[in-house]
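Chemist:
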Amino acid sequence: MKSEKIPVILVSLAVIVAFFVRLDYLLAGSVPQHPLAATISQAFSTIGNGAFLFLALAALYGAGFFRNNDYYKTSAKEGLFALGLSSVLVHLLKASFERPRIGRGEDAIDYFLQSPHLFDLTSKYNSFPSGHTAASFAVAYVLARKFPRFAVLFYATAFLVGVSRVSLGSHYPTDVLAG
């Protein structure tokens, strides 16, 4: 019975990846923009920024410090560790996979082919994977475990950060999925 589940999982995963790759192709070069959607996307993108997450976790630590609450301080420390670890891994992957951002439009492939490198340390591309999404989910995971009552809020916010990155034209859906 176990061996039957593995092919089902692999086929399901392949279908999901194929869907996102097709979505990447459809979105390449143009992401429809609406002023209200762009404003909301910008707000969630800001929430997913590592600096914002760092400040939010620092505020949680500060609240723990001033309230003499070790649980808050420990939660903030674990969140900062997850944020740091996700940032290191994302930057290694970004340097390893040269992928132009969706905002480069139809000339993205030409831009990439002008000077491909095995390991890009110039940060010309920075598309794969989405750092905002990875950081948001890393912090959401820690905070959801520490504060289970708010787990849905943390994960929904992280999900909307990922959606905002696609909406703003910063990332392809597969960048967000990988993040």
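For the sequence shown, my numbering gives the first residue as 23, with consecutive numbering after it.
For glycine and all other residues, C-beta sits at the position ideal for the given N, C-alpha and C.
1) For S192, name the three-state secondary structure that DSSP assigns.
2) Nearest CA to the CA of A73: which residue from G84, P170, L105, N91?
3) Use the C-beta contact count for F66: other C-beta atoms within 10 angstroms, 16 or more gives buried, fewer gives exposed.
4) Grouping DSSP H, G and I as helix and E and B as strand, with all else coil, what is P151?
5) According to DSSP, is R89 part of a helix, a strand, or is it coil?
6) Let me know the secondary structure DSSP gives I62 once reduced to three states.
7) What do you reckon, are the CB atoms on S152 and D92 nearer than 7 Å?
8) Indicate the three-state DSSP secondary structure (helix, strand or coil) for F169 in the structure shown.
9) When you compare the region 156 to 164 with the region 176 to 184, are there three or more beta-carbon pairs, one atom per stretch, that lie closer than 8 Å?
Modeler: So, from the data block:
1) coil
2) L105
3) buried
4) coil
5) R89: coil per DSSP, three-state reduction.
6) helix
7) no
8) coil
9) yes
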